[in-house]
């Protein structure tokens, strides 16, 4: 979901696509040859991807975060060098990288410390135009105030659990592989799903399953 600060853009609207912005991003993104790619502002941003960012399962930053609806996002936000954006769900940095390559600035926020570390390394070539913040986007007002930013030109939220969370057994979001029952979006937050299951009483578990799982058999499951 894209929410722009510009008053003319409403959820579900179809703003006119600025093909020049999209074309400039595509040209910059595919220009890298290992010796440095120029972004849309003319700055040299280094190789397209640093191979040192490839993790233990062989995934590159592209695999970590394939940005969805990228052209539509750029068309809605219309990033240009003088603008600043708030990416409240930074993830692997795919959307932020596309915005940064137009010459704009980005404040990237995520409550997942692994995502923050990954995206910070990936977007390091953009220097001071990128700021990473380890926090939940619900704290956006406090984050911007602490950074001394009075307003931004657009806000990006790509909501939901990412495929990265589902694919990582250690995060406990999926039954596809064996792993601990963790399920924390913020790894520094106290209490895992395993703690909850083992410490909450039957009534509390039934309430949680009913309210968050919309499960009619919540009481039977809790027993």
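Numbering (my numbering), first residue to last: 0 to 222. Backbone N, C-alpha and C fix where the C-beta goes; we use that ideal spot for every residue, glycine too.
For the set 121, 94, 133, 207, the Cα lying nearest the Cα of residue 76 is the one of 94. Scanning its chain for C-beta atoms nearer than 6 Å, with the 5 sequence neighbours on each side dropped, one finds around residue 218 the residues 205, in chain order. In the DSSP secondary-structure assignment, residue 153 is bridged to 84. Between the alpha carbons of residue 150 and residue 102 lies a gap of roughly 18 Å.
Around residue 187, the same chain offers 112 as residues with beta carbons nearer than 8 Å, after the five sequence neighbours per side are excluded. Where residue 114 is concerned, the enclosing alpha helix (DSSP H) starts and stops at 112-121.
Residue range 69-76 is occupied by the alpha helix (DSSP H) that includes residue 72, with no beta strand (DSSP E) assigned at that position.
Exclusion of the five residues before and after residue 65 leaves 93 as the residues of its chain whose Cβ lies within less than 7 Å of its Cβ.
When rounded, the separation of the alpha-carbon atoms in residue 170 and residue 162 is 12 Å. Residue 129 carries a strand assignment under DSSP once its states are collapsed to helix, strand and coil. For residue 194, the uninterrupted alpha helix (DSSP H) segment begins and ends at 192-198.
Burial state of residue 96 is buried, judged by a 10 Å Cβ sphere holding 16 or more other Cβ atoms. When secondary structure is reduced to three states using DSSP, residue 140 falls in the helix class. DSSP places residue 217 within a helical segment (H, G or I) once states are collapsed to three.
The C-beta of residue 84 has 16 or more other C-beta atoms within 10 Å across all chains shown, which makes the residue buried. Shown here, residue 212 sits in a helix according to DSSP, grouped into three states. Minimum Cα-Cα distance from residue 105 among the listed residues 80, 176, 117 corresponds to 80. Between the beta-carbon of residue 125 and that of residue 99 there is about 5 Å, and that keeps the pair under the 8 Å contact cut. Setting aside the 5 residues that flank it on each side, residue 164 is surrounded in the same chain by 170, 172, each with a C-beta closer than 7 Å to its C-beta; the list follows chain order. Annotation: the continuous beta strand (DSSP E) that includes residue 104 extends over 104-109. Just so you know, the alpha carbons of residue 193 and residue 208 end up roughly 14 Å apart. In the three-state reduction of the DSSP assignment, residue 171 falls in the coil class.
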